[in-house]
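S.K.:
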Amino acid sequence: MAGVIANNYGSFPVVFVKGKGCTLTDVMGKKYIDFVSGIGVNCLGHAHPALVKAVAKQAKKEIHISNYYNSDVALNYVEKMLAASGYERIFFGNSGAEANEAAIKLARKYGWLVSEGQIASTSGAPAAKADKKRNVIVTLEKSFHGRTITTLMATGQDKFHPDCFAPFPEGFKTIRANNYDDIKTAFDDTVCAFMLECVQGEGGVNLVDAEWAKSAADAARKAGAIVIADEVQTGMGRTGTLFASEQLGFDPEVITTAKGIAGGVPMGACLFKGIVKDVFVSGDHQSTFGGNPLATAAATAVITELTKPGFLEHVTETGEYIRQTVKGWNLPCVKDVRGKGLMIGIDIEQSAGAIQKNCLEAEPLGLCISTAGPNTLRFLPPLVLTKKDADAGLAVLKKVLESVK
Ligand SMILES: *Cc1c(COP(=O)(O)O)cnc(C)c1O
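Per my numbering, the very first residue in the sequence shown carries number 154; after that it's consecutive.
#1: Using 8 Å as the cut-off, classify the Cβ of K312 as near or not near the heavy atoms of ligand 2, replying yes or no.
#2: Given this structure, state the Cα-to-Cα distance separating E251 from G417, to the nearest angstrom.
#3: Starting from V267 and walking both ways along the alpha helix (DSSP H), at which residues does that stretch end?
#4: I508 and V553 - do their beta-carbons sit closer together than 9 Å?
#5: Please name the residue, chosen from A525, K493, S435 and I192, that lies closest to Y221 on a Cα-to-Cα basis.
#6: I'd like to confirm something about S440: is its beta-carbon nearer than 8 Å to some heavy atom of ligand 1, or not?
#7: From the DSSP output, in three-state form, read off S219 for me.
#8: At a threshold of 8 Å, does V385 count as lining ligand 1 (C-beta to nearest heavy atom)?
#9: Quick check: the Cα distance between S128 and L495, rounded to an integer number of angstroms?
#10: Determine the extent of the beta strand (DSSP E) in which T449 is found, giving its start and end residues.
#11: Since I158 is in the beta strand (DSSP E), which residue starts that stretch and which ends it?
#12: Taking DSSP as the reference, what is the three-state secondary structure of F340?
#13: Cβ atoms of P534 and D179: under 9 Å apart, would you say?
#14: From the DSSP output, which residues share a beta bridge with G172?
#15: Where do the ends of the beta strand (DSSP E) carrying G193 lie?
#16: Out of G427, T478 and L395, point me to the one whose CA is closest to E458's CA.
#17: Select from L305, G174 and Y185 the residue whose C-alpha is nearest the C-alpha of V168.
#18: Classify G264 as buried or exposed, calling it buried when 16 or more other Cβ atoms lie within 10 Å of its own Cβ.
#19: Which of helix, strand or coil does DSSP assign to S368?
#20: Please state if the CB of V344 and the CB of A382 are separated by a distance shorter than 9 Å.
#21: In the DSSP assignment, what are the bridge partners of F325?
#22: Let me make sure I understand the geometry here. Which of S368, V429 and E384 has the alpha-carbon closest to that of F403?
#23: Classify Q386 as helix, strand or coil using the three-state DSSP reduction.
#24: Return the Cβ separation of E241 and T301 in integer angstroms, given the expectation that the two are a contact with Cβ distance under 8 Å.
#25: What is the rounded straight-line gap between the Cα of A346 and the Cα of R261?
#26: Count the other CB atoms within 10 Å of the CB of L228; is the residue buried (16 or more) or exposed (fewer)?
#27: May I ask whether a heavy atom of ligand 1 can be found less than 8 Å away from the beta carbon of S164?
#28: Can you tell me which of the three DSSP states V380 falls into?
#29: Can you check which of these residues, T539, N247 and S274, is closest to T471 by C-alpha distance?
#30: Can you tell me whether P446 is buried or exposed? The criterion is at least 16 other CB atoms within 10 Å of its CB, across all chains shown.
#31: Using 8 Å as the threshold, is the segment 466 to 480 in touch with the segment 448 to 458, meaning 3 or more CB pairs across them?
#32: What does the alpha-carbon distance come out to for the pair G390 and G546?
#33: Helix, strand or coil: how does DSSP classify K488 here?
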């Protein structure tokens with residue numbers, strides 16, 4: 154069976170049959186602690202009763218109706234999401250890449266409206282010179298924004314731009330995160346948006362400094378550009394606040410989010426407000442499945458849990474607990490432990506792939522972990538991870554780190 158799925162992932166030869174909370178069970182009955190949660194997706198863990206109930210109940214009523222019409226579930230979700238986030242508009246897609254595509258189109262249209270003199274820019278500055286269109290999007294080196302041909306170009310890592318996929322779309326340039334010199338020259342009247350991840354996930358769990366992010370956002374707006382936070386991975390409570398941009402304090406005009414948003418049902422969203430809130434008009438951008446009743450029912454269950462008192466504090470505390478525990482081991486092979494909330498990166502001496510494989514194969518209990526680069530382990534456990542499950546998983550990791558050279 155595995156042989157007939159397109160060979161794009163290099164998947165491990167393990168077959169999971171079920172999950173409960175933070176534990177997965179394979180076809181042989183072996184259990185694994187899950188520090189991956191479907192790459193930051195299963196935020197409520199596996200088989201969470203509220204999520205299961207919401208999906209089952211909605212499946213009996215209506216799964217999909219198209220965006221020709223409204224559904225009560227989607228309308229109810231939008232109200233909850235906008236209230237929780239403070240944003241004014243939402244566009245639904247089905248993935249992170251699609252959420253970013255929506256943000257890119259929004260930014261380009263914003264830039265075009267400014268160039269045409271139809272709206273004022275974030276700086277209030279007049280339209281760009283007629284021969285200069287405001288359409289460049291500035292992103293960060295080491296960023297990751299998705300796998301469509303355009304979001305690949307937004308991604309600031311050359312390995313994602315091989316010749317075999319050329320030609321790539323124009324209108325993207327990168328600057329270095331936390332570099333003040335780059336801010337000075339990056340933004341001019343050709344730039345429509347500055348797009349950044351608050352913690353670079355795929356790029357190595359790299360933290361973006363709050364002061365720098367604010368300075369960069371200020372520089373972007375002074376040049377008339379909007380700011381987009383790609384919170385596909387950092388959003389929906391992953392870092393201990395609903396969105397990580399709240400902690401960095403640069404108040405983006407646009408937020409994109411996906412992974413955890415519906416607890417495992419495919420969904421992505423682009424949230425926007427203020428100067429760009431009415432940039433999209435009917436027909437500008439659409440998606441067949443976007444925000445369908447099944448996905449928004451699941452997303453409603455997720456946001457209801459996330460906004461319960463103490464939920465996000467638990468994320469912050471458990472993340473800190475894991476980082477302190479790993480640091481406390483004082484293992485010479487552990488070079489750095491970092492992260493925000495339950496988005497955690499650990500630099501190690503060994504090959505991250507070897508540690509990942511050995512954790513999975515550990516007996517009697519396995520551990521699922523992710524990597525972010527050749528020597529970086531990445532943990533994105535369910536946000537409901539208990540200390541007991543954290544300890545069980547960390548015990549597996551410690552043994553593997555001590556045994557693998
Ligand atoms: C995962 C990810 C994406 C892409 O999301 P898909 O759902 O795989 O399309 C985009 N941006 C960031 C920051 C991500 O972590």
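Note that the Cβ used here is the ideal one computed from N, Cα and C, for glycine as well.
M.R.: According to the structure shown:
#1: Among the ligands in the structure shown, ligand 2 does not appear; only ligand 1 can be found there.
#2: By 1-based counting over the sequence shown, the position of residue 251 is 98. By 1-based counting over the sequence shown, the position of residue 417 is 264. Straight-line Cα distance between these residues: approximately 16 Å.
#3: Stepping through the sequence shown from its first residue, residue 267 is reached at position 114. Here the alpha helix (DSSP H) through V267 covers G249 to S268.
#4: As a first step, residue 553 must be located in the sequence shown, where it is residue number 400. As a first step, residue 508 must be located in the sequence shown, where it is residue number 355. In this structure, I508 lies closer than 9 Å to V553 by Cβ.
#5: For the purposes of this step, residue 221 is identified with residue 68 of the sequence shown, where counting begins at 1. It is S435.
#6: As a position in the sequence shown, residue 440 is number 287, starting the count at 1. No, ligand 1 has no heavy atom inside 8 Å of this Cβ.
#7: Counting from one through the sequence shown, the residue named residue 219 turns up at place 66. In this structure, S219 counts as coil in the three-state DSSP scheme.
#8: Taking the sequence shown and counting its residues from 1, one reaches residue 385 at position 232. Yes, ligand 1 has a heavy atom inside 8 Å of this Cβ.
#9: Beyond the ends of the chain as shown, which are 154 and 558, falls residue 128; an answer cannot be given.
#10: In the sequence shown, residue 449 corresponds to position 296, counting from 1. Premise fails: T449 lies in the alpha helix (DSSP H), P446 to L459, not in any beta strand (DSSP E).
#11: One-based indexing of the sequence shown puts residue 158 at position 5. Where I158 is concerned, there is no enclosing beta strand (DSSP E), given that its DSSP letter is neither H nor E.
#12: In the sequence shown, the residue the question calls residue 340 occupies position 187. F340: coil per DSSP, three-state reduction.
#13: In the sequence shown, residue 179 corresponds to position 26, counting from 1. In the sequence shown, residue 534 corresponds to position 381, counting from 1. Against a cut-off of 9 Å, the Cβ pair of P534 and D179 comes out as no contact.
#14: Position 19 of the sequence shown, counted from the start, is the residue given in the question as residue 172. G172 is bridged to L177.
#15: Position 40 of the sequence shown, counting from 1, holds the residue named residue 193. Taken as a continuous stretch (DSSP letters only), G193 belongs to no beta strand (DSSP E), being part of the alpha helix (DSSP H) at S190 to G193.
#16: Working through the sequence shown from its first residue, we reach residue 458 at position 305. Nearest C-alpha to E458: L395.
#17: Numbered from 1 along the sequence shown, position 15 holds the residue referred to as residue 168. Selected option, being the one with the closest Cα: Y185.
#18: On the sequence shown, position 111 is the one that residue 264 refers to. By the 10 Å Cβ count, G264 comes out buried.
#19: Sequence index remark: in the sequence shown, residue 368 carries index 215 (1-based). Helix.
#20: Reading the sequence shown from its first residue, position 229 is the one you call residue 382. Reading the sequence shown from its first residue, position 191 is the one you call residue 344. Not closer than 9 Å, so no.
#21: The residue you call residue 325 lines up with position 172 of the sequence shown. The partner list for F325 (beta bridge, DSSP) reads I290.
#22: In the sequence shown, the residue the question calls residue 403 occupies position 250. Cα-wise, what sits closest to F403 is S368.
#23: Stepping through the sequence shown from its first residue, residue 386 is reached at position 233. Q386: coil per DSSP, three-state reduction.
#24: Here the question's residue 241 lines up with position 88 in the sequence shown. Here the question's residue 301 lines up with position 148 in the sequence shown. E241 to T301, Cβ: 26 Å. No contact.
#25: One-based indexing of the sequence shown puts residue 346 at position 193. One-based indexing of the sequence shown puts residue 261 at position 108. Those two C-alpha atoms are separated by around 8 Å.
#26: Residue mapping note: residue 228 aligns to position 75 of the sequence shown, counting from 1. L228 comes out exposed.
#27: As a position in the sequence shown, residue 164 is number 11, starting the count at 1. No, Cβ of S164 sits at least 8 Å from all heavy atoms of ligand 1.
#28: The residue labelled residue 380 in the question sits at position 227 within the sequence shown. Strand at V380.
#29: If you number the sequence shown from 1, residue 471 lands on position 318. Minimum Cα distance to T471 is reached at T539.
#30: As a first step, residue 446 is located in the sequence shown; it is residue number 293 there, counting from the start. Buried, by the Cβ-count rule.
#31: no
#32: For the purposes of this step, residue 390 is identified with residue 237 of the sequence shown, where counting begins at 1. For the purposes of this step, residue 546 is identified with residue 393 of the sequence shown, where counting begins at 1. The straight-line gap from Cα to Cα measures roughly 21 Å.
#33: Position 335 of the sequence shown holds residue 488. Strand.
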